[in-house]
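Chains as they are written, first to last, in this note's numbering: chain U, 1 to 352; chain V, 353 to 704.
There are 2 protein chains.
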Amino acid sequence: MTPASQPRTLQTIGEFGLIRELQKHCQTLHSDVIQGIGDDAALLRTSHKEALIASTDLAIEGVHFDLAFESFKDVGHRLAVANISDIAAMGGTPKYLLLALAIPPSYAVSDLRALYQGFKKPCQAHDISLVGGDTSSSKSGLFLCFTILGHVPPKQALTRQSAKVGDKVYVTGTLGDSKAGLQILQRQAKQQTSHADQPYERFLKKRHLRPTPRLAIGQHLSKDRLAHAAIDVSDGLSGDILHLCQASQVGVELWASHLPISRQCQTYTANHCPNPIDFALAGGEDYELLFTIPSRNQGKVSDLSRVLKTKMTCIGEIKPKSFGLRLKLKGGTSRNISRQSYDHFSKKRSKF
Amino acid sequence: MTPASQPRTLQTIGEFGLIRELQKHCQTLHSDVIQGIGDDAALLRTSHKEALIASTDLAIEGVHFDLAFESFKDVGHRLAVANISDIAAMGGTPKYLLLALAIPPSYAVSDLRALYQGFKKPCQAHDISLVGGDTSSSKSGLFLCFTILGHVPPKQALTRQSAKVGDKVYVTGTLGDSKAGLQILQRQAKQQTSHADQPYERFLKKRHLRPTPRLAIGQHLSKDRLAHAAIDVSDGLSGDILHLCQASQVGVELWASHLPISRQCQTYTANHCPNPIDFALAGGEDYELLFTIPSRNQGKVSDLSRVLKTKMTCIGEIKPKSFGLRLKLKGGTSRNISRQSYDHFSKKRSKF
Numbered sequence: 001m002t003p004a005s006q007p008r009t010l011q012t013i014g015e016f017g018l019i020r021e022l023q024k025h026c027q028t029l030h031s032d033v034i035q036g037i038g039d040d041a042a043l044l045r046t047s048h049k050e051a052l053i054a055s056t057d058l059a060i061e062g063v064h065f066d067l068a069f070e071s072f073k074d075v076g077h078r079l080a081v082a083n084i085s086d087i088a089a090m091g092g093t094p095k096y097l098l099l100a101l102a103i104p105p106s107y108a109v110s111d112l113r114a115l116y117q118g119f120k121k122p123c124q125a126h127d128i129s130l131v132g133g134d135t136s137s138s139k140s141g142l143f144l145c146f147t148i149l150g151h152v153p154p155k156q157a158l159t160r161q162s163a164k165v166g167d168k169v170y171v172t173g174t175l176g177d178s179k180a181g182l183q184i185l186q187r188q189a190k191q192q193t194s195h196a197d198q199p200y201e202r203f204l205k206k207r208h209l210r211p212t213p214r215l216a217i218g219q220h221l222s223k224d225r226l227a228h229a230a231i232d233v234s235d236g237l238s239g240d241i242l243h244l245c246q247a248s249q250v251g252v253e254l255w256a257s258h259l260p261i262s263r264q265c266q267t268y269t270a271n272h273c274p275n276p277i278d279f280a281l282a283g284g285e286d287y288e289l290l291f292t293i294p295s296r297n298q299g300k301v302s303d304l305s306r307v308l309k310t311k312m313t314c315i316g317e318i319k320p321k322s323f324g325l326r327l328k329l330k331g332g333t334s335r336n337i338s339r340q341s342y343d344h345f346s347k348k349r350s351k352f
Numbered sequence: 353m354t355p356a357s358q359p360r361t362l363q364t365i366g367e368f369g370l371i372r373e374l375q376k377h378c379q380t381l382h383s384d385v386i387q388g389i390g391d392d393a394a395l396l397r398t399s400h401k402e403a404l405i406a407s408t409d410l411a412i413e414g415v416h417f418d419l420a421f422e423s424f425k426d427v428g429h430r431l432a433v434a435n436i437s438d439i440a441a442m443g444g445t446p447k448y449l450l451l452a453l454a455i456p457p458s459y460a461v462s463d464l465r466a467l468y469q470g471f472k473k474p475c476q477a478h479d480i481s482l483v484g485g486d487t488s489s490s491k492s493g494l495f496l497c498f499t500i501l502g503h504v505p506p507k508q509a510l511t512r513q514s515a516k517v518g519d520k521v522y523v524t525g526t527l528g529d530s531k532a533g534l535q536i537l538q539r540q541a542k543q544q545t546s547h548a549d550q551p552y553e554r555f556l557k558k559r560h561l562r563p564t565p566r567l568a569i570g571q572h573l574s575k576d577r578l579a580h581a582a583i584d585v586s587d588g589l590s591g592d593i594l595h596l597c598q599a600s601q602v603g604v605e606l607w608a609s610h611l612p613i614s615r616q617c618q619t620y621t622a623n624h625c626p627n628p629i630d631f632a633l634a635g636g637e638d639y640e641l642l643f644t645i646p647s648r649n650q651g652k653v654s655d656l657s658r659v660l661k662t663k664m665t666c667i668g669e670i671k672p673k674s675f676g677l678r679l680k681l682k683g684g685t686s687r688n689i690s691r692q693s694y695d696h697f698s699k700k701r702s703k704f
């Protein structure tokens, strides 16, 4: 068989090719679909006052999590937060969870119990009820699929596609902690070291294993109409700003010196990463919110940051599409922002 | 390690043990949850006029489907119908679909396209929009998770738990066709025979690969308030009548001579199954509706059967719980109905 006649595989078309395929085949949409494929979650009108938010997330043993260095409890917690974070990015309130799980029959009941306890904690904290699911045996590791349902008034819903030229770009919390925590966990599992963690290592591991969904912030941004557009940082800043800019048909200038990097992450990167900025750009699964606001709302965002006791940092400005996606470096030079997060067919998932 | 100190596994507690574990850990429910874990789908109040129906279904290569004798198109079609059928069993109208899929990167794009075409057909036929999902690579075969969302007026929703003593038990269509079709497909794949199918084989294979969701029937039963309780036959009659009786706290007498078995399935069982009744009881994935009605509605059900041109057969009667689940045989003897469908940790899924 000549190369030309070989069938195209998913490896050759990549994740965006796959999503384009899906979109091409599924264009018949109800008029009640406010937002279908292409955002953190689907937005579906149920009345003039209310829209349903629905999102589904996969987590596969050996792809999204590794039980060599994560407990079942950690996995449950992290996946629930990933799911809740999609509702946070739309400014909504989560309400119901459905859980499909395929489990090797040899797994211990106590491990499953730990998994439930893991996802139960963030669900209880946000008054989310498990209302259904599906179970199956699995021949190859644990496979989880969470579907979360929430609601938001349709006119208040935040999407990726409404960023305006001149908007300031903000991010909550700090970036790169989760990636640093993951690297520490992976290294420790490989080396089988048992030395006591340094405090910065403990902090970073916890940031990876027990992330916090930014629900209250999303809800305030949406209710008070402070933000134009929002997305959660699941894929990494470089990937998620790209999604937001593509959906909004705009460009962006991010300011390297403004990227919020925790003291602990700085300590880590000082030893393990020649360029902490690249690390902050590429680090996924922080579940922080990335949002754009008109300049006039900057004071209100500062107030909100104080009230909610959560850091919110202005990291750049939305530019016309022709500007592209650029990172302004110290000294006034700049470079293109390239997506540094993994391709979806190597390691990571991709929402559509 | 002594046997007593060995950890309990899912194999030892089985599917119902797992579901009990889930229920135990997830009892905090919103007041808007009309039906949570324990029916074909969750029923969630969105207003006094409308309830949301949500259901999630897994399909795993090597567990729920086998690409040795099913095409990608078949798999897509069958899973979509399984999902739609959960909405039919509640008397609802399906509206939206979310699809999570994990795919080995080496799979051909054309195969994925066939999968989409497979699920697109029943979705288009019932005006269901794909509104979102999640994609990932998989290290071990195709893994699909469909979530379907629909709606129904809350007071009209059919559940498993409202069967009343004295109700007549009905089933749509015929039973066991899908199981017979599956066995033919499996045998042909094993023998690698290429002889032309007999007409009865073609019929039975199609019943397995391209089932029909009984949406219109469910909607009529619900809208016209004809039925007390309903469930779809996904697990097999013996398993599904057990679910219905347990949920309704009743017993049942089924009449062996009344079980609807197609001429084609009779031809098949004449050669391959010593007892066609057992075959009809155990055969899963027919996606027919099993429902109970007060006797006074029998005439209306006959009318509905004529209008919708779909066979609906009275196969028994609801009895008090103390009666148990019994099958009345020819000659007036009877025997207990035992669940003959697979255990969930060997081959099949189980909804919760």
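We put the CB at the ideal spot given by N, CA and C, even for glycine.
By the neighbour-count criterion, in which 16 or more other beta carbons inside 10 Å mark a residue as buried, U:Ala196 falls on the exposed side. Taking CB atoms only, U:Leu18 has a neighbour in chain V less than 7 Å away. In the three-state DSSP reduction, U:Arg45 falls in the strand class (E or B). Comparing alpha carbon positions, the residue from V:Ala579, V:Arg687, V:Leu611 and V:Asp418 closest to V:Thr511 is V:Ala579.
Taking each of V:Asp409, V:His624 and V:Val604 in turn and checking the Cα distance to V:Arg687, the smallest one comes out for V:Val604.
Close to chain U, meaning a Cβ-Cβ distance shorter than 8 Å, are the following residues of the region 402-418 of chain V: Glu402, Leu404, Ala406, Ser407, Thr408, Asp409, Leu410, Ile412, Gly414, Val415 and His416. Taking 7 Å as the threshold, the shortest C-beta distance from V:Gln363 to chain U falls below it. U:Phe143 sits in a strand when the DSSP states are folded into three classes. Bounds of the beta strand (DSSP E) holding U:Pro94 are Thr93 to Ile103.
With a threshold of 16 other beta carbon atoms within 10 Å, V:His503 meets it and is buried. Using beta-carbon distances, U:Gly132 counts as an interface residue toward chain V, with a partner under 7 Å. Counting C-beta pairs with one atom in each stretch, the region 182-189 of chain U and the region 314-323 of chain U have fewer than three that are closer than 8 Å, which means they do not touch. In this structure, U:Lys321 places its C-beta atom within 7 Å of the C-beta atom of U:Gln249. Annotation for U:Gln117: Lys73 and Gly76 place their beta carbon closer than 8 Å to its own, counting only its chain and skipping 5 residues before and after. Contacts between V:Gly388 and chain U, judged by CB atoms closer than 8 Å, involve Ser129, Leu130, Val131 and Gly132 in chain order.
Contact annotation, U:Lys319 with U:Val109: C-beta distance approximately 55 Å; criterion of less than 8 Å not satisfied. Of the candidates V:Ser690, V:Ala581 and V:Cys497, V:Ala581 places its Cα closest to the Cα of V:Pro646. Closest in alpha carbon position to U:Gly141, among U:Leu44, U:Lys121 and U:Asp66, is U:Asp66. Among the CB atoms of chain V, one or more fall inside 7 Å of the CB of U:Leu98. Three or more Cβ pairs drawn from the region 170-177 of chain U and the region 256-274 of chain U lie within less than 8 Å of each other, which places the two stretches in contact. The C-beta separation of V:Val433 from V:Pro563 comes to about 5 Å, placing the pair in contact by the 8 Å criterion.
Three or more Cβ pairs drawn from the region 126-133 of chain U and the region 383-390 of chain V lie within less than 8 Å of each other, which places the two stretches in contact.
Rounded to whole angstroms, the gap between the alpha carbons of U:Ser234 and U:His208 is 12 Å.
Within chain U, the residues Ala108, Val109 and Ser110 have their CB atoms less than 8 Å from the CB of V:Arg360, given in chain order. DSSP places U:Gly316 within a strand segment (E or B) once states are collapsed to three. Check the Cα spacing between U:Thr172 and each of U:Ala157, U:Pro213 and U:Pro153: the tightest is with U:Pro213.
Runs of the alpha helix (DSSP H) lying entirely within the region 527-606 of chain V and spanning at least 4 residues, in chain order: 529-543, 551-561, 567-575 and 589-600. For the region 225-258 of chain U, no residue has a beta-carbon sitting nearer than 7 Å to a beta-carbon of chain V.
Spatial neighbours of U:Leu244 in its own chain (CB-CB distance under 7 Å, excluding positions within 5 residues in sequence) are listed in chain order as Arg160, Ala163, Ala229, Ile231 and Leu290. Per DSSP, V:Ser654 is one residue of the alpha helix (DSSP H) stretching across Gln650 to Val659.
Judged by DSSP secondary structure, U:Leu115 falls within the alpha helix (DSSP H) whose first and last residues are Val109 to Ala125. A Cβ-Cβ contact shorter than 7 Å links V:Ile439 with V:Ile405.
Counting only Cβ-Cβ distances below 7 Å, V:Pro457 has contacts in chain U at Thr9, Leu10, Gln11 and Phe345, in chain order. For U:Lys73, the enclosing alpha helix (DSSP H) stretches over residues Phe72 to Ala89. Using beta-carbon distances, V:Thr621 does not count as an interface residue toward chain U, since no partner is under 7 Å.
In the DSSP assignment, V:Tyr620 is bridged to no other residue.
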